[in-house]
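Novice: Just so it is clear: in the sequence shown, position 206 is 188 by this note's numbering, and no numbers are missing. One structure follows; several queries about it will come next.
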Amino acid sequence: MITLEIIKSKMKNYIINVQVDYLLINKTRNRYPIDSLTGNQLQISINLYKLIMNIGTIQSIYFKPTNRQRFIDKMYLAEKVHDDDRLLIKINEIRKQLGSEKLAKISEDFGIGLALSVADYLYRIDSSTVVPIKATNKRPDIRCFTMSNEELIIESKGYSNQRNLYNQKVTAVDQKNSRKADIKVVSLTLINEEDATSTHFVDPPSEPDADDIEKRKKMMRAEHYSSVFNFFGQKELSEYYLLMMKKIGNENDELVVNDKENIFNKIKDTYVTIGLNHRYYYGTVEKVGKNKYTFLGVEEILLYFRGFQNFEVSESDISVEEQGNLYFIQKDGVIIGSIKNIEPFINQIHTRGGEIKHFQEHTTLTDVDNMDVIHFEIFTKYLFEENNFEVVTQKENYKDKGYDYVVSRNGIEYCVHLKHFKNPKRSIRVDDLELINDKRKVVFITNANVSPTFTSNLMTIDRNLLKRAIQKPDRLTDWLEN
């Protein structure tokens, strides 16, 4: 399990190479750091934790608001970075263990995260306004405001192969130009294992649009928080900030005002609070491992309509240690806490009639369908561990034998084989997997429907049984031992 302690151990800055087209450097504008560059090639430092937050904020566009947090899921990217001063990605390991399709997805993730990090360095982004662009047709990835109140649009591409990357340049420029903004750029990121990962910013800025900049900025800020808390699995906060965005657009919409007030009251009544640096934060506490918890929340002032409108981002992110717990407070007022000492929260949780749940308990079958193979494996291991099974340390290469891992309970070992499908409603036959004749006990878990199979040493948990196991995890023990 990736924890904030692991992230903290990687909090040193990683060096990346940056190339900027000369046409992007505007000496007469002189508003941004990019305008002061004397050359078009430079090296900058990137923070891994911030990089992962950037990725999650943008990629949450692909998921409906849910109570399951994906923040911990995304932390696995930290394992894919070499221990080096430069940002070196474990490309060969990813390709060998996870395949080319997953390598492409990880390349895309790093491309998005680095695009935002480089844009912040060159244009001084207002981090509280960063949002993904939602559309079904060709569109750029990211929009935000700079600290100089100009709207910035970024189209991001990330690849592990330079030829594939630059073949996408024309498409990226077209996508970038499909939207109006004050500044439009294309970011091309090449992840690398032998040399520092590089990001190339191309295409000159466009002419500014005449529009209500302040209102657009506030609405974009609300959408930003909705996206962040969707990533965190805090459905109430995500929906709350969507309603905040609608209210900014029309303060006289009574239905929106009433819905927003109802969620506001629920947050105030059920969320716990923590005071740090003379400020208060509202959030939720969830278990992520044995005696390990997270606190995810937001600064109190951002819950109030006028406070939200007048909020100003801080100069920098900070980390605070308090009562044995570590908190990361971002410039935009979002807080993430790695909690070892749960005592500061226990009384509040009990007083408010709540309980501390494992973040995986919020998982639904839809969440499972949206997982990749890595997180499907992590989730199924969680189900076994909740039933007091032990995940056996590999003494042999089970994957070469067609298994993903082995679990044991009461001296009996079970070989687990997983199959995750993007199209989960398909029907498959287990005989095609060549597992039935294995002499050991086998558990086959999939999110697809499986045709009935009868064999003494094989237990199949298909889509229907998986849904029941998600709803009541202790059913797993009954199925395997009875």
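In this text, a Cβ means the ideal position worked out from N, Cα and C, and glycines have one as well.
1) So, with DSSP's three-state summary, where would you put residue -1?
2) Which residue's Cα is closest to the Cα of residue 298: 350, 289, 108 and 344?
3) When DSSP labels each residue in this structure, what does residue 172 get in the three-state scheme?
4) For residue -3 versus residue 89, is the C-beta spacing smaller than 8 Å?
5) Would residue 74 be called buried (16 or more neighbouring beta carbons within 10 Å of its own) or exposed?
6) In terms of alpha-carbon separation, which member of 269, 359 and 372 lies closest to residue 324?
7) Can you tell me the Cα-Cα spacing of residue 23 and residue 8, whole angstroms?
8) Does DSSP classify residue 307 as helix, strand or coil?
9) When we look at the beta-carbon of residue 67 and count the other beta-carbons within 10 Å, is it buried (16 or more) or exposed?
10) Since residue 75 is in the alpha helix (DSSP H), which residue starts that stretch and which ends it?
11) Quick one: Cα of residue 252 to Cα of residue 336, how far?
12) Can residue 455 and residue 368 be called in contact, C-beta distance under 8 Å?
13) Determine the contact status of residue 350 and residue 374, defining contact as a CB-CB distance below 8 Å.
14) Let's see if you can read the secondary structure: which residues bound the alpha helix (DSSP H) around residue 331?
15) Our contact map puts residue 124 next to residue 163 with C-beta atoms below 8 Å; I'd like the distance itself, whole angstroms only.
16) Ordered along the chain, which non-local residues of its own chain (more than five positions away) have a Cβ less than 8 Å from that of residue 394?
17) List the whole-angstrom C-beta distance separating residue 115 from residue 161, where the pair is believed to meet the contact cut-off of C-beta under 8 Å.
18) Is DSSP giving residue 35 helix, strand or coil here?
19) Helix, strand or coil: which one does DSSP assign to residue 361?
20) Sorted by chain position, which residues of the same chain lie with C-beta nearer than 7 Å to residue 290's C-beta, five sequence neighbours on each side aside?
21) Within 10 Å of its beta-carbon, does residue 402 have 16 or more other beta-carbons around it, so buried, or fewer, so exposed?
22) For residue 54, count the other beta carbons within 10 Å of its own beta carbon; 16 or more makes it buried, fewer makes it exposed. Which is it?
23) Is the Cβ-Cβ distance between residue 458 and residue 366 less than 8 Å?
24) Where does residue 220 sit, in a helix, a strand or coil, going by DSSP?
25) So what does DSSP say about residue 25, is it helix, strand or coil?
26) Report the three-state DSSP secondary structure of residue 425 (helix, strand or coil).
27) Might you give, ordered along the chain, the residues of its own chain that have their beta carbon closer than 8 Å to the beta carbon of residue 76, omitting 5 neighbours on each side?
28) Taking the alpha helix (DSSP H) that residue 389 falls in, what are its first and last residues?
29) So what's residue 6 in DSSP terms, helix, strand or just coil?
30) If we count the other Cβ atoms within 10 Å of its Cβ and call it buried at 16 or more, is residue 288 buried or exposed?
31) Would you tell me roughly how many angstroms separate the C-alpha atoms of residue 137 and residue 185, rounded to the nearest one?
Specialist: Once the coordinates are examined:
1) strand
2) 108
3) strand
4) no
5) exposed
6) 269
7) 16 Å
8) strand
9) exposed
10) 73 to 80
11) 8 Å
12) yes
13) no
14) 325 to 333
15) Incorrect: roughly 11 Å between the Cβ atoms, too far for contact.
16) 423
17) 7 Å
18) helix
19) helix
20) 226 and 284
21) buried
22) buried
23) yes
24) helix
25) strand
26) strand
27) 62, 84, 85 and 88
28) It is not in any alpha helix (DSSP H) - residue 389 instead sits in the beta strand (DSSP E) that spans 387 to 391.
29) helix
30) exposed
31) 11 Å
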